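The structure appears right after this line, and notes come after that.
There are 2 protein chains.
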Amino acid sequence: MRDFLPAEKARRERVLQVIKESYRAHGFDEIETPVMEDSSRLHAGLGGDNEKLAFGVQKRGLTHDDLQAAETPLDLVDLGLRFDLTVPLARFYATHRAALPSVFRAIQVAPVWRAERPQKGRYRQFVQCDIDIIGEPGIQAEAELLVASLATVDALGLRDATIRVNDRRLLIGMLAGFGFPADSHDDVLITIDKLDKLGPDGVVAELGERGAEAEAVEAFRVFLMRPQTREFLPFGERAIRKALPEGADDEVVANLVAIGDAVAQARGEAAAPLVFDPFLVRGMGYYTGPIFELAHPSVPYSLGGGGRYDGMIGRFLGSDVPATGFSLGFERLVELVEPLAAGGGAAVALVHDADAPLGTLLALQSALVARGDRARLVKRAKNTKLQLEQLAEQGFTSFAFVGGDAPASADDLELRPLA
Amino acid sequence: MRDFLPAEKARRERVLQVIKESYRAHGFDEIETPVMEDSSRLHAGLGGDNEKLAFGVQKRGLTHDDLQAAETPLDLVDLGLRFDLTVPLARFYATHRAALPSVFRAIQVAPVWRAERPQKGRYRQFVQCDIDIIGEPGIQAEAELLVASLATVDALGLRDATIRVNDRRLLIGMLAGFGFPADSHDDVLITIDKLDKLGPDGVVAELGERGAEAEAVEAFRVFLMRPQTREFLPFGERAIRKALPEGADDEVVANLVAIGDAVAQARGEAAAPLVFDPFLVRGMGYYTGPIFELAHPSVPYSLGGGGRYDGMIGRFLGSDVPATGFSLGFERLVELVEPLAAGGGAAVALVHDADAPLGTLLALQSALVARGDRARLVKRAKNTKLQLEQLAEQGFTSFAFVGGDAPASADDLELRPLA
């Protein structure tokens, strides 16, 4: 968990603002849920491995007898910090469905917590930026998510982003075609998900070690080693067909092609910045259709992702509700983007002597604020040169010295630029 | 704890934005700390009664033996959710002091948590908006806080706000003058703090019940019942003198007068919107100088407050550091302010038939977004009249019907206003 000092906080806030405004412009609505959810809901099996990482909040008013009687630590907690924004969204939608549009486009930009051992690029508190469309069964949902997310990444100045695309149903079809038994698919996918890390040989080896059906592994190996399997063509039917084994589901393929066409047209481009990746898995088991991962040539890791998860919201409602989501990896994005220009007017430091009259100083500050500037009163230091350098570093754009004979009007300030 | 649906979330975000921008314009810098602090720090005696309301976060990896060995519930927690933003600020400043300006002006706008029994207007998760100036011993700090906070309240459209003012040292001097022994002052102040609720007779009665020195209570009673004690004059030396017993500390009075003069000059007003209240206590024991409370004629309760707390930051540092703070009661303010106009362009609903081509729809949306509008694709409902009413309620300002023959350019959309 980290503190954010002024410069970093300002940078984060500007990036968040760009993301929120872009998604909002694309018709999404921001919502907010409490950081704590009922512990039972956090441990209901919807969060995968993340459930184990939930911080538990201790029940209030526990007695010594309560501690003695507890069989497991979970007996002593009733709430927990959310580990993602999807479980809270499902609970939110189940609670407020009647007050929401029939197709609900949600933005959630908020911190989540995971009790991980801290490591580079991983934090126990970090911000997630999720958009979700609930109630739209067709590919309009996927296309909207991708158009909005690509526009958002563009707005952050990260040109050349691409989206890796697959469909959970194609994955399952492929595994079935190779002869993996249905009850092994989840397990096999966990290994395939490591392709980027282990490489093709490593994946094949691990499948063997984990006891996967040998003939199926061999069929998979042969397919994986085909040169054309990892040769990505411009997104479209030809690329998808070429990257898949024979017998892929026509409707699912057509679905992906239609998503790509719509995204390309929306962006006024000949081809959408999508790449079909037959081995893209996405960790979470709840995906049921198209899945996505945001990539950028400047980094080897994913910058976000999402997909269709039609079964999950229904777990809280008792009836199936179609849903798709896309999550931007905010903590990674914020380190990648160039500092975004702060909007607004000048930032003025009124560098004043000790005898400058306080009321006049404050009146000058108020006048600058009233005309749209930022203004700070700063007592003049002995080393003025160093002080001005520091003010420039802090983002101030101009300054004026104010002494005992402070001018009565801001118009009479002698403002000078800060390098 | 509450969910926030789109309209309420948008309203909260706009109010937060106004607050942050106003304070930032007045030279304050936003910072952020993690929501969890070490439990030992939260229970170090700096948070008064709020410490008891801290949510505790259970240690990870507890065994059954750990549960059995625990003597108190606190033995099983190592972290807790912050109950205010002052304890985290003190810890932040102690950690990062070397990287901060010598006079540090902080904005913190963030949620805090208290395990209170929910009641009207009280929530277990709520947002605090704090500004603090650390490192400035003189009244410039108090004057800056008041000027910035009054300007912020003005920006929220709450004209006619006033600030009730007192000084902790005048309170102590007054109690000593009436003959309350020094070791009873904290206790007596807890009762005086209830003056608004209990009335003068109630306060006198409670002081008696709690065993306060009878002669001192009588002297206090006589003073309290003077007509002029509760008759507020325009802020200035005459008002302060009249409201206090004989023998008040000249320097402390002059201090308050100077703060008022500076605030008045900053605002270009004959008198500052301050009111001297000799019985203003402010709950927290850590205040050491001037104290403030934000009032508005439309509500009987305080909308914020603060004061000087010179001893506290030093508790984490080992050396005294002067500090003043002001906290806006965001949850109360947000219910009071008129909806603030959302900035930006039009909000357009593209109400489309099922056969409108998806790519064209998305291209129209992208074109509207590119010109600064907000745009949402909305499938045409059977009851179009109701649908348009709902879109207007959701804040959309115009709409266009789009059918199978959708125009290729946004310029050819027939946009119509939504009532």
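Protein sequence lines correspond, in order, to chains A and B. First residue of the first sequence: 1, per my numbering; consecutive thereafter. First residue of the second sequence: 1001, per my numbering; consecutive thereafter. Ideal Cβ placement from N, Cα and C applies to all residues, glycine included. All of these numbers come straight from a predicted model, not from anything done at the bench.
Please go through the same chain and pick out, in chain order, the residues whose beta-carbon is closer than 8 Å to the beta-carbon of residue i, but skip the five residues on each side of it.
i	result
Arg59 of chain A	The displayed chain sequence assigns Lys, not Arg, to residue 59 of chain A. Cβ neighbours of Lys59 of chain A beyond the five flanking positions: Asp66, Leu76, Val77 and Asp78.
Thr115 of chain A	The sequence shown places Ala at residue 115 of chain A, not Thr. Around Ala115 of chain A: Leu53, Ala54, Phe55 and Arg124.
Asn50 of chain A	Phe83, Asp84 and Arg114
Arg117 of chain A	none
Pro357 of chain A	Gly404 and Ala406
Ser22 of chain A	Ala148, Ala151, Thr152 and Ala155
Val1203 of chain B	Thr1191, Ile1192, Lys1194, Leu1195 and Leu1224
Glu1206 of chain B	Thr1191, Lys1194 and Leu1198
Just mark residue i as buried or exposed, buried being the case when its beta carbon has 16 or more other beta carbons within 10 Å.
i	result
Arg371 of chain A	exposed
Asn383 of chain A	exposed
Ser1102 of chain B	exposed
Thr1072 of chain B	exposed
His1026 of chain B	buried
Asp1167 of chain B	buried
Gln1068 of chain B	exposed
Ala295 of chain A	buried
Val1402 of chain B	buried
Leu1046 of chain B	buried
Gly305 of chain A	buried
Thr63 of chain A	exposed
Pro297 of chain A	exposed
Ala1128 of chain B	As written in the sequence, residue 1128 of chain B is Gln, which differs from the Ala given in the question. With 16 or more Cβ atoms within 10 Å of its Cβ, Gln1128 of chain B is classed as buried.
Glu32 of chain A	buried
Gly1318 of chain B	exposed
Glu1246 of chain B	exposed
Gln1359 of chain B	It is worth fixing the name first, because residue 1359 of chain B is Gly in this sequence and not Gln. Per the 10 Å Cβ criterion, buried.
Asp201 of chain A	exposed
Gly1048 of chain B	exposed
Ala1243 of chain B	buried
Using a Cβ-Cβ cutoff of less than 7 Å, which residues in the same chain neighbour residue i once the five nearest sequence positions on both sides are dropped?
i	result
Gly80 of chain A	Met36, Glu37, Ser39, Leu42, Ala54, Phe55, Gly56 and Val57
Leu958 of chain B	Outside the displayed range of chain B (1001 to 1419) lies residue 958 of chain B, so it cannot be described from this structure.
Lys20 of chain A	Glu30, Ile107 and Val109
Phe1330 of chain B	Val1127, Gln1128 and Cys1129
Leu171 of chain A	Leu189 and Val281
What residue does the beta strand (DSSP E) around residue i start on, and which one ends it?
i	result
Pro1111 of chain B	Phe1104 to Trp1113
Asp304 of chain A	For the record, residue 304 of chain A in the displayed sequence is Gly; it is not Asp. Segment Val299 to Arg308, the beta strand (DSSP E) holding Gly304 of chain A.
Gln58 of chain A	Gly56 to Gln58
Gly1080 of chain B	Val1077 to Leu1081
Gln119 of chain A	Segment: none, Gln119 of chain A is in no beta strand (DSSP E) and carries neither H nor E.
Ser1149 of chain B	It is not in any beta strand (DSSP E) - Ser1149 of chain B instead sits in the alpha helix (DSSP H) that spans Ile1139 to Ala1155.
Phe1223 of chain B	Here Phe1223 of chain B belongs to no beta strand (DSSP E); instead the alpha helix (DSSP H) covers Ala1214 to Met1225.
Gly177 of chain A	It is not in any beta strand (DSSP E) - Gly177 of chain A instead sits in the alpha helix (DSSP H) that spans Arg168 to Phe178.
Val1378 of chain B	Arg1374 to Lys1379
In the DSSP assignment, find the alpha helix (DSSP H) that holds residue i and state where it starts and stops.
i	result
Tyr23 of chain A	Pro6 to Ala25
His43 of chain A	Note, His43 of chain A: premise wrong, no alpha helix (DSSP H); not H, not E.
Thr384 of chain A	Thr384 to Glu393
Val358 of chain A	At residue 358 of chain A the sequence reads Leu, which differs from the Val that was named. Start and end: Leu358 to Ala370.
Ile313 of chain A	Met312 to Leu317
Glu237 of chain A	Glu237 to Ala243
Asn1255 of chain B	Asp1250 to Arg1267
If I measure Cβ to Cβ from residue i and keep anything under 6 Å in the same chain, skipping five residues before and after, which residues do I get?
i	result
Tyr1286 of chain B	Tyr1309 and Met1312
Ala1346 of chain B	Asp1373, Thr1397 and Ser1398
Arg1122 of chain B	Glu1116
Pro273 of chain A	Thr162
Phe279 of chain A	Ile192 and Leu195
Glu1237 of chain B	Val1257
Members of the stretch 255-279 of chain A that neighbour chain B once the beta carbon cut-off is set at 8 Å:
If the cut-off is 8 Å between Cβ atoms, the stretch 255-279 of chain A has Ala258, Asp261, Ala262, Val263, Ala264, Gln265, Ala266, Arg267 and Gly268 near chain B.
_To be precise: take each residue of the stretch 369-385 of chain A, compare its Cβ to all Cβ atoms of chain B, and keep it if any distance is under 9 Å. Which residues remain?_
If the cut-off is 9 Å between Cβ atoms, the stretch 369-385 of chain A has Val369, Ala370, Gly372, Asp373, Arg374, Ala375, Arg376, Leu377, Val378, Lys379 and Ala381 near chain B.
- [ ] Would you be able to state if there are at least three C-beta pairs under 8 Å between the stretch 1141-1148 of chain B and the stretch 1257-1272 of chain B?
- [x] Yes, they touch.
Checklist line | Inter-stretch contact (C-beta, 8 Å, three-pair minimum) for the stretch 1319-1339 of chain B and the stretch 1382-1395 of chain B | finding: They do not touch, by the three-pair rule.
- Query: What are the residues of the stretch 1007-1031 of chain B that lie near chain A, defined by any Cβ-Cβ distance shorter than 7 Å?
  - Reply: Taking a C-beta cut-off of 7 Å against chain A, the contacting residues of the stretch 1007-1031 of chain B are Lys1009, Ala1010, Glu1013, Arg1024, Ala1025, His1026, Gly1027, Asp1029, Glu1030 and Ile1031, listed in chain order.
Are there three or more Cβ pairs, one per stretch, closer than 8 Å when the stretch 1090-1098 of chain B is compared with the stretch 1004-1016 of chain B?
Here the stretch 1090-1098 of chain B does not lie against the stretch 1004-1016 of chain B, with fewer than 3 beta-carbon pairs under 8 Å apart.
*Any residues in the stretch 1087-1101 of chain B with a beta carbon nearer than 8 Å to a beta carbon of chain A? Which ones, in chain order?*
Cβ contacts with chain A: Phe1092, Thr1095, His1096, Ala1099, Leu1100 and Pro1101.
Check: Which of the residues in the stretch 1030-1051 of chain B, read from start to end, lie with their CB under 7 Å from any CB of chain A?
Finding: Residues Glu1030, Ile1031, Glu1032, Thr1033, Pro1034, Val1035 and Met1036.
_Closer than 8 Å between beta carbons: that is the criterion. Which residues of the stretch 129-159 of chain A meet it against chain B?_
Closer than 8 Å at the C-beta level to chain B, one finds these residues of the stretch 129-159 of chain A: Ile139, Gln140, Ala143, Glu144, Val147 and Ala151.
Contact between the stretch 1324-1332 of chain B and the stretch 1126-1140 of chain B (3+ Cβ pairs under 8 Å): Contact between the stretch 1324-1332 of chain B and the stretch 1126-1140 of chain B is present, because at least three Cβ pairs lie under 8 Å.
Review point. If contact means a Cβ-Cβ distance below 8 Å, which residues of the stretch 385-416 of chain A contact chain B?
Key: Those would be Gln390 and Gln394, in chain order.
- request: Scan the stretch 1342-1360 of chain B for residues whose Cβ lies nearer than 7 Å to a Cβ of chain E and list them as they occur along the chain.
  value: Absent from the structure is chain E; the protein chains it does hold are A and B.
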